[in-house]
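J.: The following block contains the structure, expressed as structure tokens.
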Amino acid sequence: MSSLLDTLLKTYGGLERWQEVTSISAHRVFGGGLWDLKQVPGIVDEGEITVRVQEEHVEVRPFTGPDRRLTFTPDRVSVESDAGEVVESLDDPVTSFAGHGVETPWTHLQLGYFCGHAMWTYLTEPYVFTYPGVEVEEIGPWSEQGGTWQRLRVRFPAGIATMSREQVVYVDDDGLVRRRDYQVDVMGGSPAAHYLSGHREVDGIVVPTSRRIFVRGEDGHPLPEPLLVSIELSDVTVA
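In numbering that gives the first Met the number 0, the protein residues as written are 0 to 238.
Here it is in structure tokens:
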């Protein structure tokens, strides 16, 4: 384990505490221009989200209707009624994005896959970096916002659904993740710069409650416009 990853884990509650956690839930508010761009406005604006920490599984409520929820796993996404009836589903969802570009519209189930794999990775960070097959490497500092952040390159195995196999995490002097970079594979590899703030400790686990995602320029800095995605979390609970 790298010393930077060790620092991250200690800051975010410690490996042993994370191993005890089964799920993280929160009230969510999503914003930004991505949803209109992908022609799925209004579906995930506000509601509840629950991620399981020890396996890649996410529930989003409501989804396409007040009495419906999205259930995500890497191999299948489905829309279900509160009574458990499957309304629609998609197996092996990642293959449905073949040939997609930035402006290719999404179906409801493709939207569900995007939200599911993104939010699971976000809310299990940095614990997910200790998952089997995940590789980490310290790659040196980066200067931004008047400070110097240490960087960790993370390579995910094929068994974990995430934005891209290789990502870069930026860590400040307090041991908090302030930024992460990736290519959005389901949008043709569009480069993103993702900023985190509002870190809160909940039952021994640190959870960022505010996120802003921008297009990443060729120089590694974010383009100020457009704001692709904003995420605000409240009423966070750890089980």
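Backbone N, C-alpha and C define an ideal beta-carbon position, used for all residues, glycine too.
Between which two residues does the beta strand (DSSP E) harbouring Arg240 extend?
T.: A question about residue 240 goes unanswered here, because the residues of the chain that appear run from 0 up to 238.
J.: Which runs of the beta strand (DSSP E) at least 3 residues long sit entirely within the segment 81-109? Give them in chain order.
T.: Fully enclosed beta strand (DSSP E) runs of 3 or longer: 85-90.
J.: Apply the 10 Å Cβ neighbour rule to Pro140 and answer buried if 16 or more other Cβ atoms are within range, or exposed otherwise.
T.: By the neighbour-count rule (16 or more Cβ atoms within 10 Å), Pro140 is not buried but exposed.
J.: Could you give the distance in angstroms between the alpha-carbon of Asp173 and the alpha-carbon of Leu226?
T.: The straight-line gap from Cα to Cα measures roughly 26 Å.
J.: Put Ser2 into one of helix, strand or coil per three-state DSSP.
T.: Helix at Ser2.
J.: Taking buried to mean at least 16 other C-beta atoms within 10 Å of its own C-beta, is Gln166 buried or exposed?
T.: Per the 10 Å Cβ criterion, buried.
J.: Which first and last residues belong to the alpha helix (DSSP H) in which Asp35 is found?
T.: Where Asp35 is concerned, the enclosing alpha helix (DSSP H) stretches over 33-36.
J.: At what residue ranges does the segment 151-175 contain a whole run of the beta strand (DSSP E), taking only runs of 3 or more?
T.: Qualifying beta strand (DSSP E) stretches, in chain order: 165-170.
J.: Taking the alpha-carbon positions, what's the Ala160 to Pro73 distance?
T.: The alpha-carbon atoms of Ala160 and Pro73 are separated by roughly 6 Å.
J.: Taking the alpha-carbon of Asp202 as reference, which of Thr6, Asp5, Glu19 has the nearest alpha-carbon?
T.: For the residues Thr6, Asp5, Glu19, the minimum Cα distance to Asp202 belongs to Glu19.
J.: With distances taken from CA atoms, which of Glu54, Gly187, Gln53, Val57 is nearest Trp105?
T.: Trp105 has its Cα closest to that of Gly187, out of Glu54, Gly187, Gln53, Val57.
J.: Helix, strand or coil for His116, going by three-state DSSP, please let me know.
T.: Three-state result, His116: helix.
J.: I'd like to know whether the C-beta atoms of Ala25 and Leu175 end up nearer to each other than 9 Å.
T.: Going by C-beta atoms, Ala25 is not nearer than 9 Å to Leu175.
J.: With contact counted as at least three CB pairs below 8 Å, one residue from each stretch, are the segment 49-58 and the segment 27-34 in contact?
T.: Segments in contact, no.
J.: What does the alpha-carbon distance come out to for the pair Ile48 and Glu58?
T.: Distance between the alpha carbons of Ile48 and Glu58: 6 Å.
J.: With burial defined as no fewer than 16 other Cβ atoms inside 10 Å of the residue's Cβ, what is the status of Thr94: buried or exposed?
T.: Classification of Thr94: exposed, given that the 10 Å Cβ count is below 16.
J.: For Val62 and Asp44, which I take to be in contact (beta-carbon distance under 8 Å), what is that distance rounded to the nearest angstrom?
T.: Per the sequence shown, the amino acid found at residue 62 is Phe instead of Val. The Cβ separation is near 11 Å, so there is no contact.
J.: If you compare alpha carbons, which of Arg179, Glu200, Gly111 is closest to Arg60?
T.: For Arg60, the nearest C-alpha among the options comes from Gly111.
J.: Do three or more CB pairs link the segment 203-212 to the segment 8-16 at distances below 8 Å?
T.: Because the criterion of three Cβ pairs below 8 Å is met, the segment 203-212 and the segment 8-16 touch.
J.: How long is the line joining the alpha carbons of Val185 and Arg199, rounded to whole angstroms?
T.: Distance between the alpha carbons of Val185 and Arg199: 30 Å.
J.: In the DSSP assignment, find the beta strand (DSSP E) that holds Glu58 and state where it starts and stops.
T.: Element bounds for Glu58: 56-60.
J.: With a CB to CB cut of under 6 Å and the five nearest residues on each side skipped, what residues in its chain are close to Gly100?
T.: Counting only Cβ-Cβ distances below 6 Å, and skipping sequence neighbours, we find Gly187.
J.: Which partner residues does Ile230 have in the DSSP bridge list?
T.: Phe29, Arg210, per the DSSP bridge assignment.
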